[in-house]
Amino acid sequence: MFDDLHSDALGEGRKRDSGRHRERPLADREVPLGPPSTTIPDAVHAWLDGTTPERDARRGEWSRDVDFWKRLDDDLAKRRHMRTPAHLSAQIMAAIPQHAPQVITPWWRREFVVTPSSAIVTAAALMAVAAAGAVALMR
Amino acid sequence: MRTTEPELLVDQDDSDQRIIQRVLAGDRDEFTVLITRYSDPLYRHALCMTGSPDVAEDILQLSFIKAYQHLAEVRGRFDAWVFRIVANGCKDWLKNIRRSHLSYDEDDQPSGYATPEEELDRTELRSDLDIALSSLPASLREAFVMKHVEGRSYEEMADLLGTTVGALKMRVHRAREALQALLEEKYA
Chain G
13 MFDDLHSDAL GEGRKRDSGR HRERPLADRE VPLGPPSTTI PDAVHAWLDG
63 TTPERDARRG EWSRDVDFWK RLDDDLAKRR HMRTPAHLSA QIMAAIPQHA
113 PQVITPWWRR EFVVTPSSAI VTAAALMAVA AAGAVALMR
Chain H
87 MRTTEPELLV DQDDSDQRII QRVLAGDRDE FTVLITRYSD PLYRHALCMT
137 GSPDVAEDIL QLSFIKAYQH LAEVRGRFDA WVFRIVANGC KDWLKNIRRS
187 HLSYDEDDQP SGYATPEEEL DRTELRSDLD IALSSLPASL REAFVMKHVE
237 GRSYEEMADL LGTTVGALKM RVHRAREALQ ALLEEKYA
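Top to bottom, those sequences are chains G and H.
First residue of the first sequence? That's 13 in the working numbering, and the numbers climb one at a time after it.
First residue of the second sequence? That's 87 in the working numbering, and the numbers climb one at a time after it.
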């Protein structure tokens, strides 16, 4: 992903990041740039992963990071409770085919019927293969 | 940070299989049970990946139609199988669009905030988070959404995405750091 971030909607910090990445033309870069990033302490990652308590993550200057993520989590919590629009289930059912889904059976599981003609053809083919094999062996 | 228990973790394999057998036998309406059972987490995934309720609905509808048509091919858990269809649908959609500013239609979502000032503040954060999420590479966004919105464990994410726990932790960490860099000036 390249750094073609929008510069109009977020804070000044983001604008500064975008400006910094524009210093070199895109074609000069050896590898594509990801989005701008900051470093989050391992303790905060661990707290976000639910493996350490909040008090461990709040040590030193990391309290600011914890506050940031708690604020963000308020929004994420709302997303966790979003539900499918009520009309969608009926809409999907109206769109799926009226007939039952096709059951595709692999050829080795399929039932096959032996008719007299198919038995004669198969026997003739086997005899031809056997004759050809015998001729090849006798040479 | 609190996360919700993912709904897909519920062990419903047996009953899913029974429903699938009934649908395959011709009871088409039984498919509604599967839609009702799994549509919410799948919709949340599609919505957070695309940022658009309309697109999320389209992806969900197409995914369930595809799931119905190929229902005889389900091996193992139906919920994991249908999740992969939706996730691939989201990735295909993301490949086909230029990243653009997409935000939720605020009228679609109920408001739970007390005052207009609070509401404005929260709405602004949601919009900014949508923009920040849309600037992430699809793989980072997917990992972040699965972890922080869907509340999945790294093990379940690895199972669903066919990758390692270590790789997913790295993606989630990178996504967090990118989001914090994008949003902290305004919201820290």
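Even glycine gets a Cβ: it sits at the ideal position worked out from N, Cα and C.
Could you give the distance in angstroms between the alpha-carbon of G/A137 and the alpha-carbon of G/S101? About 55 Å.
Mark H/G175 as exposed unless 16 or more other C-beta atoms lie within 10 angstroms of its C-beta, in which case mark it buried. Result: buried.
Excluding the five sequence neighbours on either side, which residues of its own chain have a C-beta within less than 8 Å of the C-beta of G/R71, listed in chain order? Excluding residues within five positions, the ones whose Cβ falls inside 8 Å are A55.
Indicate the three-state DSSP secondary structure (helix, strand or coil) for H/G248 in the structure shown. Collapsing the DSSP output to three states places H/G248 in coil.
Give every residue of the same chain whose Cβ lies closer than 6 Å to the Cβ of H/S149, excluding the five residues on either side of it in the sequence, and list them in chain order. Counting only Cβ-Cβ distances below 6 Å, and skipping sequence neighbours, we find I171, V172 and G175.
Interface partners of H/Q155 on chain G, CB under 9 Å: I108, P109, P113 and Q114, listed in chain order.
Taking buried to mean at least 16 other C-beta atoms within 10 Å of its own C-beta, is G/M94 buried or exposed? Classification for G/M94: buried.
Looking at H/L120 and H/A132, is the spacing between their C-beta atoms short of 7 Å? 7 Å or more divides the Cβ of H/A132 from the Cβ of H/L120.
Is the separation between the beta-carbon of H/S221 and that of H/G137 shorter than 7 Å? For H/S221 and H/G137, no; Cβs fall outside 7 Å.
Just verifying my parser: in three-state terms, what is the DSSP assignment at H/P127? The DSSP-derived three-state label of H/P127 is helix.
At a CB distance below 9 Å, what residues from the segment 79-91 of chain G approach chain H? Give them in sequence order. Of all residues in the segment 79-91 of chain G, those with a C-beta nearer than 9 Å to a C-beta of chain H are D79, F80, W81, K82, R83, L84, D85, D86, D87, L88, A89, K90 and R91, reading in chain order.
Going by other Cβ atoms of all chains shown within 10 Å of its Cβ, with 16 needed for buried, is H/E236 buried or exposed? H/E236 is buried by the Cβ-count criterion.
Listed by chain order, chain H residues near G/P97 by CB distance under 7 Å: Listed along chain H, the residues sitting closer than 7 Å to G/P97 by beta-carbon distance are E143.
Chain H within 7 Å of G/S101, Cβ atoms only: Interface annotation, G/S101: in contact with chain H, CB-CB separation under 7 Å.
Note down, in chain order, every chain H residue with its Cβ under 7 Å from the Cβ of G/M139. Residues of chain H passing the Cβ test: none, with the nearest at roughly 39 Å.
Check whether the segment 256-273 of chain H touches the segment 226-240 of chain H, counting contact only when three or more Cβ pairs, one atom from each stretch, lie closer than 8 Å. Taking 8 Å as the limit for Cβ pairs, the verdict is that the segment 226-240 of chain H does touch the segment 256-273 of chain H.
Is the beta carbon of H/Y124 sitting closer than 7 Å to the one on H/D165? In this structure, H/D165 lies closer than 7 Å to H/Y124 by Cβ.
Can you tell me whether G/S130 is buried or exposed? The criterion is at least 16 other CB atoms within 10 Å of its CB, across all chains shown. Answer is exposed; the Cβ neighbour count stays below 16.
Three-state class that DSSP yields for H/L222 in the structure shown: It is coil, neither helix nor strand.
Helix, strand or coil for G/F124, going by three-state DSSP, please let me know. DSSP places G/F124 in the coil class of the three-state scheme, outside both helix and strand.
Which residues mark the beginning and the end of the alpha helix (DSSP H) in which G/H111 is found? Looking at the DSSP string, G/H111 is not in any alpha helix (DSSP H), and its letter there is neither H nor E.
If I measure Cβ to Cβ from G/A58 and keep anything under 8 Å in the same chain, skipping five residues before and after, which residues do I get? The residues are T64, D68 and A69.
Beta-carbon proximity check, H/Q266 vs G/T50, cutoff 7 Å: Result yes, Cβ atoms of H/Q266 and G/T50 sit closer than 7 Å.
Residues of chain G with CB under 9 Å from H/I151, in chain order? Close to H/I151, with beta-carbon spacing below 9 Å, are these residues of chain G in chain order: I104, A107, I108 and P109.
Taking Cβ positions only, does H/H259 come closer than 7 Å to chain G? Judged by the 7 Å Cβ criterion, H/H259 is in contact with chain G.
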